[in-house]
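The sequence shown begins at 848 in our numbering and counts up one residue at a time.
Backbone N, C-alpha and C define an ideal beta-carbon position, used for all residues, glycine too.
Shown next, in structure tokens, is the structure this report addresses.
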Amino acid sequence: MTALRTCVFPCAGFGTRFFPATKVIPKEMLPLVDKPILQYGIEEALGSGLDKLIVVMSKGKDAILDHFDRTAELERSLQERKKNDLLSEVETVSTMADLISVRQKEALGLGHAVLQAKDAVGNEPFAVVLPDDVILANEPCLLQMRRVFEETGRPVIALMEVSAAETTRYGIVAGNMLGNRRFHITDMVEKPKVNPPSHYAIIGRYILPPDVFPLLEKTERGAGGEIQLTDALRELVRTGDFYGYVFEGKRYDAGEKLGYLKATVDYALRHPAVGSEFRTYLQSLFGNDVPKNRQN
Ligand code: UTP
């Protein structure tokens, strides 16, 4: 089995749920406390042992590549002014990853975005991280999933348990729970209005074989006129075992306003520099029951 080393970050969507903030600024560059949303995803991939990182870009998103690039002038200025802490933070970001960028010329959907990475990925398994699904976890979510992939050699997607009412808002898997957080998937249903096949929702982490590319090439436009990744995954399910992994941690949909606000509060409370003062501030608003280490 070829080792997993590649991760694809689809970043070419319009981010309409966050308008007007994301009219010009890519939503992947909105800060969660002091790091752009995408950086959390990049750190998760690196922390899971993946170092070939491919970003699917579109027009107007160059700030993403600039963020991870060297900024010689800024670094020189910080050096001259002996701002060593800031310098080391800037250097850490500009050297953490060499991103490969591919272009999606038209926002034709997530499936189409992933397909644009086909040549850059090559004939190897790869992960997909949707950057606006931010996951706070003790162990990176992709690393948790990677173990299942390495044991089985089969596709793995991250799952989250949701309430019965919430099943209408997610892609929901059908199949059976094997135990040990593993779910054997036999089908997927997009936003079921009635009779959800389970309470496990698909979230934005996938480990896939290259066999998904020919399936994506054949996938016609589906819901919303877009080429849906889920449609190709349903085909992939038919070709053999396909697993879900109920990851440990908390996921935020930072691509919409409320999810972004929740993530900001939880990340701020855990931040080494501002966490304690922020907690004091929240306590001044809401009383003393702001817990020390919010995660679940
Ligand atoms: P989303 O639906 O969350 O992102 O797609 P969006 O389309 O940018 O946002 P809204 O719904 O308009 O607010 C999931 C991921 O897929 C990427 C997005 O950038 C996001 O990371 N995507 C989506 C693409 O790269 N290309 C597309 O054509 C669509």
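Problem - Cβ-heavy atom distance, R864 to ligand 1, below 8 angstroms - result: Checking every heavy atom of ligand 1 against the Cβ of R864, one is found closer than 8 angstroms.
Handout entry: Coil, strand or helix - K906 by DSSP
Key = For K906, the three-state secondary structure derived from DSSP is coil.
Practice task
Could you say which of E920, G1069 and T849 lies nearest to L934 if we only look at CA atoms?
Solution key: E920
Practice task
Buried or exposed for A1079, please, with buried defined as at least 16 other CB atoms from any protein chain shown within 10 angstroms of its CB.
Solution key: Buried.
Exercise for the section: Put G888 into one of helix, strand or coil per three-state DSSP. Expected result: helix
Problem - Check whether V975 and M992 have beta carbons under 9 angstroms apart - result: no
Exercise for the section: Buried or exposed for E927, please, with buried defined as at least 16 other CB atoms from any protein chain shown within 10 angstroms of its CB. Expected result: It is exposed - the Cβ of E927 has fewer than 16 other Cβ atoms within 10 Å.
Practice task
Reducing DSSP to helix, strand and coil, say where N931 ends up.
Solution key: Three-state DSSP puts N931 in a helix.
Practice task
Would you check if there are 3 or more beta carbon pairs closer than 8 angstroms linking the stretch 1026 to 1045 to the stretch 1112 to 1131?
Solution key: no
Exercise for the section: Taking only heavy atoms of ligand 1 into account, decide whether any of them is closer than 8 angstroms to the Cβ of G1051. Expected result: yes
Practice task
Can you tell me which of the three DSSP states D1113 falls into?
Solution key: helix
Practice task
Report yes if the C-beta distance between I884 and P978 is below 9 angstroms; otherwise report no.
Solution key: yes
Practice task
Report the residue ranges of all alpha helix (DSSP H) runs contained in full by the stretch 1081 to 1134; include only those spanning at least 4 residues, in chain order.
Solution key: 1104 to 1116 and 1122 to 1133
Handout entry: Residue span of the alpha helix (DSSP H) that contains S996, given as start and end
Key = According to the sequence as given, residue 996 is Phe; it is not Ser. Element bounds for F996: C988 to T999.
Exercise for the section: List the whole-angstrom C-beta distance separating T999 from Y1090, where the pair is believed to meet the contact cut-off of C-beta under 8 angstroms. Expected result: About 6 angstroms; that satisfies the 8 angstroms criterion.
Exercise for the section: Name the residue from V949, R917 and E875 whose alpha carbon lies nearest to the alpha carbon of E938. Expected result: Closest option to E938, Cα to Cα, is R917.
Handout entry: Straight-line Cα distance separating R1117 from E1064
Key = 43 angstroms
Practice task
For E1037, name the three-state secondary structure that DSSP assigns.
Solution key: strand
Problem - For A974: DSSP bridge partner residues - result: C854 and I1054
Problem - Rounded Cβ spacing between L1006 and K1097 (contact assumed at less than 8 angstroms) - result: Going by Cβ atoms, the distance from L1006 to K1097 rounds to 14 angstroms, so no, they are not a contact pair.
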